[in-house]
Every structure is written in structure tokens, then in C-alpha cells.
């Protein structure tokens, strides 16, 4: 199975912001907006146009929806801020207090696993 | 009933022109963005928390307050995390309580623009107000920042489109430059977009400083940063040629590797530019009162965030006394979270530890944070259900109004809730 090496970027989006500010973190809308991985068209095609991808870093892995997006450059992925992205983020703050939200090395591959809802992610804890 | 000039309690812009038309069976919000509108709808939403909970079961208010106080009193190293969409008055009480308990107090800056605050401590803060930007700025640079999504009314209210005293034609008198690894929606409307390789902001800031001084930039810099020598020289000329320039630094600067060093480098670039013209730097901060915590904490303790009182005096050392690091080292043995979605926004590893320790949270609606908390207290919406003070991204304090009562009568504000816990803590 094709696996690509990428640089992970996380940040807010207006739709993810709308869901969390509207107090709907436990709704399916949050999963739709935040459990997704934006990929450059070439990377997306290299992975054979998947519906879902597994993203892995040294911290763990998570299955999210794949989304082709022209704003991305090859070798870079974006996951909106939220609990799915944070499965992948290192708690090493480089002596600043701020976690490694941008710039972690990651791999992406196709996945048939289920994209967990927000509630399910935390029921595991 | 129609209420005008309401202050939005979402992003750092704290927009003051919101109109809310609300009565028992309908609600209409005008002027707010998607996020502001969604938050104000919480005033009438069915999922609003209206009762306290202990271990997932509805409880009496006094019992929940007492249990919250007991959790904090019984801890040897409690952490009080005061969220940034609440008033500075509530923050004041939280900081005072942390001092009384000998605990640690922190806020959203720690995981957001904390590195920006640290960079300012290193190299100064060449700041200005949004009013100055609106009236004077002919060059606006968004660096690692996408306000179209994060601060939706940023460009329309202050920084790009509005006409100002010296910027009479609005957008036509301003140039927008975007530097970002992604071609964002803000980049799509920019006059100049420069794509930068993620994590190389520090190098480009220093190269720009050199170019501004008239020094030669290495021909091969493009191989390293994806920003060519020509682009750097062009941008340096644009910056020096502006009458009033401002850089809005986003989390692309503060959260990328080299963090506070990136901010220090851009502060020094702005200092260099002020030899030639007027230039300022502002951080695009994410919450309506995240700057407020830094202000209040600094005048109360001498430090802007992550303050540890366990030694009997205020001690600050990012990486040691900050939330993520304290949880990562499993040092904290109790947690109070006021209106902040820590469970959703911290790395999974520290959230797992958070789930093991006694936790109290104050929140408006059910979320992962309330799922992990032993005590859940209903939150009050600042700027709607109680008055208070917010500090906007440019550190301008705004008095925010109350226009509706909270849907319960056991507390009048988050400040009041914290005072009730503090009174119980002191017994």
C-alpha cells in the first residue's frame, strides 16, 4: 500500500470554529469539519483518491476523511485543530509551553478503518 | 427586544458592533461572523448546561461548589486554567485563588501566542492599535496567518477594506502581502503572495533584516526556504517604501519550530524597519480576552502566563510552569478549567493524564472537557449574560455589556462562580 511522507500543519478553520463556538463538539458536524486531512492533488492521486486516510506520527495514528485541496503544496498536509489532529501532536513544547502543532513529520496511507466520532475518541479514555 | 453595540466574545477582534434581537421565542444576530453568530445562539440552545453535575449526575449547586473547593484544597499541586473568553475580572479571582492555594495559574496564551509573548520579552513589542492600522496603514502583511478564517472580520473592519483618515480609498490605498506555506483564502485576495517552506520563517526574517539594511542575501536561500533572493529583496523594498506598515503574525510564526525565536527575529526586523519608516507588529490572537490574561497576570504577578506560586512567590519558566509540560510530567494532581476546551486542544498524551486526575470545569455546553471532569459547573456567557472587560488583540481594553440574564440564578457570572469556590476554599 502506498505510504507518503509529509509535513503536518494544524490550524483553525472557520467551519470548525463555527461548530466549536456553537457548543456542538459532541455532534457529528465536528467530525465532518475537523476529522479530515487536506492533501495536495498530486499526493491525493498518488494515494489513489482515497475516501479515508490513516495519518501517523511518532505520537500515534488516526483515521480521518481525505480531502483534496488546491491550497496545499506537495508533501504537506493540513488537519483542522481538534482532538483528531491532537492524537498526532507531540507534547514536547521546546521549553515554550506550546505543543508541536505545526511541522511534525507524518506519514499518510489509505485506510478502511472507521473515523471515530468525538465522543468515541474520549470514551476510550 | 433589540440590543445594539454588543461585543462578540469569540476571536481576538472582539467586534463591538453586534446587534442581537432576542425574546422568548426568537433570536436574530446581525453583523457577527459565522463563529460569533454560533456562539450567541448558545444563549437559546437546547444543549446549554443549566445545572451542575458531579460524576456525570445532576447535583445541587452548593454541593458542587463545595466539592470543587475540596478538590483544589486537597491537592498538593493544583493547576487553575482560566480560559480566554471570560472577563479579566474572573481571571483576577482565578489568579488570586491560585496564589492562595500555592498552585499554578495559566491561560490559553500558553498553547497559543505564548511564544509571541516570550519573543516580546526578548526583543520588545513594537505595537499599535487597530485604529491606527485602519487610519494609517498602507501596507498590511499577514505572516503565517489566515484571518479570513480565524478572524473573519479582521480585513473588513480594520485592516484592508475600510477607509481611514489617511487611507481615504480603503482597499485601493492598501497593499496586502501574505506569507504562508498554504495558499489560503487570505492569500487569494493578496496583492502579493509568497509561499514559504514550513518551519523556515526564522531564516527569512533574518534575511529580510539583512536586505533592509542593504546587505547581500545568499543566492541559494531559495533552496532552503522556497523564498528566493529576488522575493526577499522585493519584499524588503515594499516594506521600506510603505508609509505605515504592519505585520500581523499568526500561529504560523508562534507555533512553528523555533517558536519564540521566530517572534524575536520578526520583532528585530520591525525594529530595523523603523529606521526607515513607521512599522508595527501585532499578533492575531485567537480569543476575545486572551490578551487580557497576559495583562492581568502581569500586573498581579509580574509574569504573563504559566505562573507557579508553590515556592511562596510568583515563579515563571515556560516549559516548566506551563500547562502542557506540567501535565506531561504528571506533576499536577488537580485541575480547574474555566471555559476552555483543553481536552479537545491539548496533545492526546496529556489529555490521557488529565482524565486520571480530579478535574473541575466551568463550561457553557457539553464537550470532551465536561466528559473528563468530576465536577461540571454551568458557565455564564461574558458580554451577554454578565458585564466585564476584554482586551482586544491590540491590548485595548473594552468594557462589555450584559443584555440578558443567565438561565439560572445560583451565579451571576464566572467571576461570581470563582468567588464562591474561593470563599469555600478559604473556609
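Residue numbers (the working numbering), protein chains in the order written: chain A, 11 to 135; chain B, 660 to 1086.
A virtual CB, placed ideally from N, CA and C, is assigned to each residue, including glycine.
Original post:
Are residue 63 of chain A and residue 16 of chain A close, meaning C-beta to C-beta below 7 Å?
Top reply: No. Outside cutoff.
Original post:
residue 984 of chain B versus chain A: which residues are under 7 Å apart at the beta carbon?
Top reply: Ordered by position in chain A, the residues that pass the 7 Å Cβ test against residue 984 of chain B are 103 and 107.
Original post:
Mind checking residue 813 of chain B: buried by the 16 CB within 10 Å criterion, or exposed?
Top reply: Result: buried.
Original post:
If you draw a straight line from the alpha carbon of residue 834 of chain B to that of residue 944 of chain B, how long is it in whole angstroms?
Top reply: A direct Cα-Cα distance of roughly 22 Å separates residue 834 of chain B from residue 944 of chain B.
Original post:
What is the DSSP secondary structure of residue 1029 of chain B, reduced to helix, strand or coil?
Top reply: In the three-state DSSP reduction, residue 1029 of chain B falls in the helix class (H, G or I).
**OP:** Find the residues of chain B that neighbour residue 67 of chain A, judging by a C-beta separation of less than 8 Å, and give them in chain order.
**Re:** By Cβ distance, chain B contributes nothing, its closest Cβ being about 10 Å from residue 67 of chain A, past 8 Å.
**OP:** Identify the continuous alpha helix (DSSP H) that holds residue 751 of chain B and give its terminal residues.
**Re:** Residue 751 of chain B -> alpha helix (DSSP H) spans 747–760.
Original post:
Should the region 782–791 of chain B be called in touch with the region 919–936 of chain B, which here means at least 3 C-beta pairs below 8 Å?
Top reply: Inter-segment contact for the region 782–791 of chain B and the region 919–936 of chain B is present: three or more beta-carbon pairs are separated by less than 8 Å.
Subject >> Interface partners of residue 100 of chain A on chain B, CB under 9 Å >> reply: Within chain B, the residues whose beta carbon sits less than 9 Å from that of residue 100 of chain A are 1006 and 1008, listed in sequence order.
Subject >> Contact list for residue 1034 of chain B against chain A, beta-carbon separation under 8 Å >> reply: Residue 1034 of chain B does not reach chain A, its nearest Cβ partner there being about 17 Å away, counting only Cβ pairs nearer than 8 Å.
Original post:
Hey, would you say residue 18 of chain A sits closer than 7 Å to residue 114 of chain A, going by beta carbons?
Top reply: A contact, by the Cβ cut-off of 7 Å.
**OP:** Assign residue 68 of chain A to one of two classes, buried (16 or more other C-beta atoms within 10 Å of its C-beta) or exposed (fewer than that).
**Re:** Its Cβ having fewer than 16 others within 10 Å, residue 68 of chain A is exposed.
Original post:
Is the distance from the Cβ of residue 1060 of chain B to the Cβ of residue 1045 of chain B below 7 Å?
Top reply: Contact flag unset, no.
Original post:
Closest Cβ-Cβ distance between residue 51 of chain A and chain B: below 7 Å?
Top reply: Judged by the 7 Å Cβ criterion, residue 51 of chain A is not in contact with chain B.
Original post:
Residue range of the alpha helix (DSSP H) that residue 672 of chain B falls in?
Top reply: Where residue 672 of chain B is concerned, there is no enclosing alpha helix (DSSP H), given that its DSSP letter is neither H nor E.
Subject >> Pick from A:81, A:96, A:107 and A:28 that is closest to residue 1010 of chain B, judged by C-alpha positions >> reply: Among A:81, A:96, A:107 and A:28, the Cα nearest to that of residue 1010 of chain B belongs to A:96.
**OP:** Indicate whether at least one CB of chain E lies closer than 7 Å to the CB of residue 806 of chain B.
**Re:** The chain inventory of the structure shown lacks chain E, comprising the protein chains A and B.
Original post:
In chain A, what lies closer than 7 Å to residue 919 of chain B by C-beta?
Top reply: Residues of chain A passing the Cβ test: 106.
**OP:** Check whether the region 849–867 of chain B touches the region 756–764 of chain B, taking contact to mean three or more Cβ pairs, one atom from each stretch, closer than 8 Å.
**Re:** These segments do not touch.
Original post:
On the three-pair Cβ rule with 8 Å, is the region 766–777 of chain B touching the region 962–975 of chain B?
Top reply: Verdict: yes, contact present.
Original post:
Mind checking if residue 842 of chain B is an interface residue toward chain A, Cβ cutoff 7 Å exclusive?
Top reply: Yes, residue 842 of chain B lies at the interface with chain A (some Cβ there is under 7 Å from its Cβ).
Subject >> Contacting residues, own chain, Cβ-Cβ under 7 Å from residue 603 of chain B (five flanking each side not counted) >> reply: It is not possible to answer for residue 603 of chain B, since the shown part of chain B is limited to 660 through 1086.
Original post:
Rounded to the nearest angstrom, how far is the Cβ of residue 905 of chain B from that of residue 787 of chain B, given a contact under 8 Å?
Top reply: That belief holds up - the Cβ atoms of residue 905 of chain B and residue 787 of chain B are roughly 7 Å apart, short of 8 Å.
Original post:
Just the Cα atoms here: how many angstroms apart are residue 1069 of chain B and residue 712 of chain B?
Top reply: Roughly 14 Å separates the two Cα atoms.
**OP:** Please report how far the alpha carbon of residue 902 of chain B lies from the alpha carbon of residue 82 of chain A, in whole angstroms.
**Re:** Whole-angstrom Cα-Cα distance: 33 Å.
Original post:
residue 11 of chain A CB to nearest chain B CB: under 7 Å?
Top reply: So no, residue 11 of chain A is outside the interface.
Subject >> CB contact flag (residue 951 of chain B, residue 1050 of chain B, <7 Å) >> reply: Cβ atoms of residue 951 of chain B and residue 1050 of chain B: closer than 7 Å.
Original post:
With residue 799 of chain B and residue 818 of chain B assumed to form a contact (beta carbons below 8 Å), what rounded beta-carbon distance in angstroms separates them?
Top reply: Rounded, the Cβ-Cβ distance is 5 Å, consistent with contact.
Subject >> Start and end residues, alpha helix (DSSP H) containing residue 950 of chain B >> reply: Here the alpha helix (DSSP H) through residue 950 of chain B covers 949–960.
Subject >> Neighbourhood of residue 1033 of chain B by C-beta, 8 Å cutoff - its chain only, sequence neighbours within 5 removed >> reply: Shown here for residue 1033 of chain B: same chain residues with a beta carbon closer than 8 Å to its own, the five before and five after excluded, namely 713, 714, 726, 730, 1017, 1018 and 1019 in chain order.
**OP:** Kindly list, in the order they appear in chain A, the residues whose Cβ is closer than 8 Å to that of residue 1011 of chain B.
**Re:** By Cβ distance, chain A contributes 135.
**OP:** Have a look at B:895, B:854, B:870 and B:829 and flag the residue whose alpha-carbon is nearest the alpha-carbon of residue 882 of chain B.
**Re:** Of B:895, B:854, B:870 and B:829, the residue nearest in Cα terms is B:854.
Original post:
Shorter than 7 Å from the beta carbon of residue 111 of chain A to some beta carbon of chain B?
Top reply: Interface residue, yes.
**OP:** Report back the beta-carbon spacing between residue 871 of chain B and residue 899 of chain B to the nearest angstrom; my notes put them in contact at under 8 Å.
**Re:** Their Cβ separation, rounded to whole angstroms, is 6 Å, which keeps residue 871 of chain B and residue 899 of chain B in contact under 8 Å.
**OP:** Look at residue 897 of chain B and residue 888 of chain B and say whether their C-beta atoms are less than 7 Å apart.
**Re:** By the CB criterion at 7 Å, residue 897 of chain B and residue 888 of chain B fall outside the cutoff.
Original post:
Which partner residues does residue 116 of chain A have in the DSSP bridge list?
Top reply: DSSP lists A:16 as partners of residue 116 of chain A.
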